[in-house]
Amino acid sequence: KQEVTQIPAALSVPEGENLVLNCSFTDSAIYNLQWFRQDPGKGLTSLLLIQSSQREQTSGRLNASLDKSSGRSTLYIAASQPGDSATYLCAVRDFGNEKLTFGTGTRLTIIP
Amino acid sequence: EAGVAQSPRYKIIEKRQSVAFWCNPISGHATLYWYQQILGQGPKLLIQFQNNGVVDDSQLPKDRFSAERLKGVDSTLKIQPAKLEDSAVYLCASSLEADGSYEQYFGPGTRLTVT
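Chains A and B, in that order, give the protein sequences.
All the letters of the first sequence, read from the start, carry residue numbers 829 to 940 under the working numbering.
All the letters of the second sequence, read from the start, carry residue numbers 417 to 531 under the working numbering.
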């Protein structure tokens, strides 16, 4: 059974800093991995999707990497802004199964 | 392109009452998902539909939860009777198989409080 872990559960950094969020998963036979953002009281917004054959994906100030063999993914946020404050969730999709298994998320606070 | 629509956005009920949530997926998306997200946790899949057929309902508490997707478009999720532990956000998502990514798009969710 796939398990997804995100550490730390909460993170506060000053505005302008670069930061890394971590995600680990137990079963490396994944189809793809998705990073989401969730604002308080809102649904999930997809940020980046990395296929199992890819090593990284970039969108603006966001860069997500994937190391299947070690069961890890990171989300790098450059030049953080207060608007980046939110909960970030990673989710894994296994081969042969469209279901997403989610981590518990990292609550990020950017301090102005 | 319109996103996934859900209603109501908020609902407060007493335990043992019943409640229903509605979801309208993105047009053309064949797969629809219902998730339960308890405060401080990641979403947990309750049920997955492919068109109007059920693909996975292994984590749906079938003694009190039911869901249907008539005509392969809109879907409703019902809880009857509700328990205190059902307090959560219920998220609906849809995906388009044709692009091979199965990327899921989420609605804003319905926040349920059971008192």
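Idealized CB from N, CA, C, for every residue including glycine.
If you're wondering where the values come from, they're calculated on a predicted model, not measured in any experiment.
- Contiguous beta strand (DSSP E) elements confined to the region 469-519 of chain B occur at 469-472, 481-484, 491-495, 504-511, taking only those with 3 or more residues.
- Of the candidates A:937, A:843, A:904, A:939, the residue whose Cα lies closest to the Cα of residue 863 (chain A) is A:904.
- At a cut-off of 3 residues, the continuous stretches assigned as beta strand (DSSP E) that sit fully inside the region 439-467 of chain B are 447-453, 460-466.
- Contact between residue 486 (chain B) and residue 468 (chain B) holds, since their C-beta atoms are separated by about 6 angstroms, short of 8 angstroms.
- For residue 921 (chain A), the enclosing beta strand (DSSP E) stretches over residues 914-922.
- At least 8 angstroms separates the CB of residue 909 (chain A) from every CB of chain B.
- The beta-carbon of residue 484 (chain B) is placed no less than 8 angstroms from the nearest beta-carbon of chain A.
- Per DSSP, residue 427 (chain B) is one residue of the beta strand (DSSP E) stretching across 426-429.
- By the CB criterion at 8 angstroms, residue 419 (chain B) and residue 488 (chain B) fall outside the cutoff.
- When 9 angstroms is used as the limit between beta carbons, residue 874 (chain A) is near these residues of chain B: 519, 520, 521, 522, in chain order.
- Residue burial annotation: residue 452 (chain B) is buried, with at least 16 other C-beta atoms found within 10 angstroms of its C-beta.
- From the beta-carbon of residue 469 (chain B), no residue of chain A is found nearer than 9 angstroms; the closest lies around 13 angstroms away.
- Residue 883 (chain A) has a beta carbon lying at 8 angstroms or more from every beta carbon in chain B.
- Distances from the CA of residue 919 (chain A) to each of A:895, A:860, A:913 were compared; the closest alpha carbon is that of A:860.
- In the DSSP assignment, no residue is bridged to residue 882 (chain A).
- Excluding residues up to 5 positions away in sequence, 859, 860, 928 lie with their Cβ nearer than 6 angstroms to the Cβ of residue 921 (chain A) in the same chain.
- Leaving aside the five residues that flank residue 463 (chain B) on each side, the residues in its chain whose CB is nearer than 6 angstroms to its CB run, in chain order, 450, 473, 476, 483.
- Straight-line measurement puts the Cα of residue 852 (chain A) at about 10 angstroms from the Cα of residue 896 (chain A).
- Around the beta carbon of residue 470 (chain B), fewer than 16 other beta carbons lie within 10 angstroms, which makes this residue exposed.
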